[in-house]
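Numbering (UniProt numbering), first residue to last: 1 to 398.
Beta carbons: idealized from backbone N, C-alpha and C, even for Gly.
Only a predicted model underlies this, so the values are computations on that prediction, with no experimental measurement involved.
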Amino acid sequence: MQRLNAEQQHRTETEPNGATFKTPPKTNTNQTKINSLVIWKSPILTTKYAILEIISLLQCYGKRLIQQRKLMMALATLIIVITTLCLVPGSHQQIIKLVKSKGIFIIYWTGLGVLSSVGLGTGLHTFLLYLGPHIASVTLAAYECSTLDFPEPPYPNEIVCPEEEVISTAYPSMWAIMSKVRFEAFLWGAGTALGELPPYFMAKASRLSGAEHEDFDDIKELEDRKKHGDKLNLFERGKLAMEKFVEKVGFLGILLCASIPNPLFDLAGITCGHFLVPFWTFFGATLIGKAIVKMHIQKIFVIIAFNEILVEKAVDYMAIVPVIGKKLQAPFKGFLQNQKDRLHRGTAKVAHSSPNIIQNLFEYFVIFMILFFVSSIINSLAQSYHKKLNSQKKNKRS
C-alpha cells in the first residue's frame with residue numbers, strides 16, 4: 001500500500017510546452033500528527049493516550065498470562081519456595097545471602113544494559129551515567145591505591161583503599177584494570193544485546209503472520225523515494241545502508257554493526273526478523289559484538305582517558321582557557337581531591353560532608369537524563385495508541 005502511495009506522490013506531469021516534471025511528494029499529515037504528539041507540545045493529550053496505551057497493554061498481556069495457567073502455577077510455587085527459604089533460619093542462610101548479593105549484582109548491571117538499548121523511547125544512556133563512571137572510579141582508585149585489591153565489602157558498591165599501605169612503585173596495568181571490571185562490563189553488554197531482541201521478534205512475528213512490520217514499511221518507502229530521485233538526509237541514507245549491509249553480509253555484518261556505537265542497530269533486528277534470520281545467528285552475533293568486542297573498546301577508551309597522569313595534565317591545561325579557565329580549574333581539582341579522599345577510610349567522612357559543584361552538576365545531569373528517558377517512553381506509548389486509533393478508523397471505513 002505504501003509503495004502505491006509513494007508512486008502516486010511522484011507522478012510525472014507534462015506542461016503545455018512539452019516539458020515534463022515530477023510533482024513533489026505529498027506530506028504525510030497523519031505521520032506529522034503522530035510525530036508532534038509529544039509531552040512538551042500536547043502534555044494533556046499525550047499523557048491521556050499514554051495511560052490508555054498502558055491499560056491496553058496490561059489488558060492484552062493480562063489475558064495472555066491468565067491463559068498460561070501452568071506457567072502461572074509454576075511461578076507462584078517458585079515464589080513461595082524462595083520466600084520460605086529466605087525466611088526460615090538455618091545454615092542455608094549463608095548461601096541465600098551469597099546468591100542474593102550476586103543475583104542483585106547481575107540483575108543490576110544486566111538491567112542497565114537492557115535500559116540502554118530496549119525499544120522504549122530513546123533508551124537510557126546507562127554507559128555514560130553508570131558503567132563509564134564505575135570504570136573511571138576503578139581506574140582512578142588503581143592509581144591512588146597502587147592496587148586493585150579493594151576490600152569486599154564494601155566493593156563494588158563503594159571503592160576504598162586497603163587499610164594496609166601498599167608499597168609499590170608500579171601501578172596496576174591496563175589489562176589488570178580491564179579484568180577488574182570485566183564481569184560487570186560483560187553483563188551490561190549482554191543486557192544491551194537482550195534489549196535488541198524485541199524489534200527482532202516483532203518483525204519476525206509480523207512476517208510469519210503475513211503482515212509487514214511498520215518500521216520495515218518505512219524502509220520500503222525510503223527505497224521508493226530513492227528510486228524516484230528524492231534527496232535523502234544522512235539519517236535516512238544510513239537506514240538504507242544498514243538494512244542492505246545486514247541483509248547481504250549476514251552474521252559478520254551483524255557482528256560488525258554490533259561492535260561499534262550504532263544508533264541504527266534496531267534496524268538490524270528488524271531486518272533479521274523480517275528475513276527470518278535464525279535466532280542464534282542474530283543473537284549470537286549481537287552478543288559477541290556488544291558484550292565482548294564493543295565493551296573492550298569502550299573499557300580501553302575510559303581507562304586511557306582516566307589515567308591519573310592524563311587527568312591531572314588535562315586539569316592543569318584548563319588554566320590556559322581565557323577568562324573561565326582558572327574558574328573551571330578550581331572545582332575540578334577539588335572534585336579529584338574529593339574522590340581521592342573517599343578512597344581512604346580516615347577522610348571518607350570529611351569527603352562526604354563537603355559536596356563539590358562538579359558532583360552536583362553530574363547529579364543534575366543524571367536526573368535530567370532519567371526524566372528525558374521517562375518522557376520519551378510516555379511519548380512512545382502515546383504515539384503507539386494514536387496509531388492504533390488510526391488503524392481502527394481505517395478498518396471501519398473499509
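Using C-beta distances below 6 Å, list every residue in its chain close to residue i, excluding the 5 sequence neighbours before and after it, in chain order.
{"i": "F245", "result": "G253"}
{"i": "Y364", "result": "none"}
{"i": "G289", "result": "L255, A258, S259"}
{"i": "M295", "result": "A185, G189"}
{"i": "F150", "result": "I159"}
Could you check if residue i is buried or exposed, using at least 16 other CB atoms within 10 Å of its CB as the buried criterion?
{"i": "G273", "result": "buried"}
{"i": "residue 410", "result": "No answer is possible for residue 410: the residues shown for the chain start at 1 and end at 398."}
{"i": "C161", "result": "buried"}
{"i": "A205", "result": "exposed"}
{"i": "D266", "result": "buried"}
{"i": "F201", "result": "exposed"}
{"i": "Y61", "result": "exposed"}
{"i": "A152", "result": "One point to set straight first is that residue 152 is Glu, not Ala, in the sequence displayed. With fewer than 16 other Cβ atoms within 10 Å, it is exposed."}
{"i": "V323", "result": "exposed"}
{"i": "V321", "result": "exposed"}
{"i": "A319", "result": "exposed"}
{"i": "I107", "result": "exposed"}
{"i": "F306", "result": "buried"}
{"i": "A170", "result": "exposed"}
{"i": "F283", "result": "buried"}
{"i": "K63", "result": "exposed"}
{"i": "G90", "result": "exposed"}
{"i": "G325", "result": "exposed"}
{"i": "L287", "result": "buried"}
{"i": "Q339", "result": "buried"}
{"i": "P154", "result": "exposed"}
Among residues of its own chain, excluding the 5 on either side of residue i, which ones have a beta-carbon nearer than 7 Å to its beta-carbon?
{"i": "A176", "result": "L148"}
{"i": "R96", "result": "Note on residue identity: the sequence assigns Ile, not Arg, to residue 96. Only L85, C86 meet the Cβ criterion."}
{"i": "L65", "result": "M72"}
{"i": "K299", "result": "I135, M178, V181, A185"}
{"i": "Q68", "result": "none"}
{"i": "E247", "result": "T271, F275"}
Nearest to residue i by CA position, among the options, is which residue?
{"i": "L197", "options": "E152, A268, G62", "result": "A268"}
{"i": "V277", "options": "V249, V366, K294", "result": "V249"}
{"i": "I309", "options": "M202, A141, N157, Q93", "result": "A141"}
{"i": "L343", "options": "A241, E163, E247", "result": "E163"}
{"i": "R292", "options": "I304, T192, K326", "result": "Reading the sequence as shown, one finds Ile at residue 292 and not Arg. Comparing Cα positions, the closest option is T192."}
{"i": "K102", "options": "F282, I44, P156, F332", "result": "P156"}
{"i": "F251", "options": "D224, K231, A241, T281", "result": "T281"}
{"i": "E144", "options": "H386, Q337, F362", "result": "Q337"}
For residue i, collect the residues of the same chain with a Cβ closer than 8 Å to its Cβ; drop the 5 residues on either side in sequence, then sort them by chain order.
{"i": "V302", "result": "G132, I135, A136, T139"}
{"i": "T126", "result": "L112, G113, L115, S116, W188"}
{"i": "S384", "result": "E53"}
{"i": "P261", "result": "K294"}
Comparing the C-beta of residue i with each C-beta of chain D, is any distance below 8 Å?
{"i": "F201", "result": "Although the question refers to chain D, the structure presented lacks it and comprises just one protein chain."}
* Below 8 Å, can you find three or more Cβ-Cβ pairs linking the segment 313-326 to the segment 108-117? -> no
* Could you tell me whether the segment 171-190 touches the segment 357-371, where touching means 3 or more Cβ pairs closer than 8 Å? => no
* Asked: Taking three-plus beta-carbon pairs below 8 Å as touching, is the segment 378-395 in contact with the segment 34-54?
  -> yes
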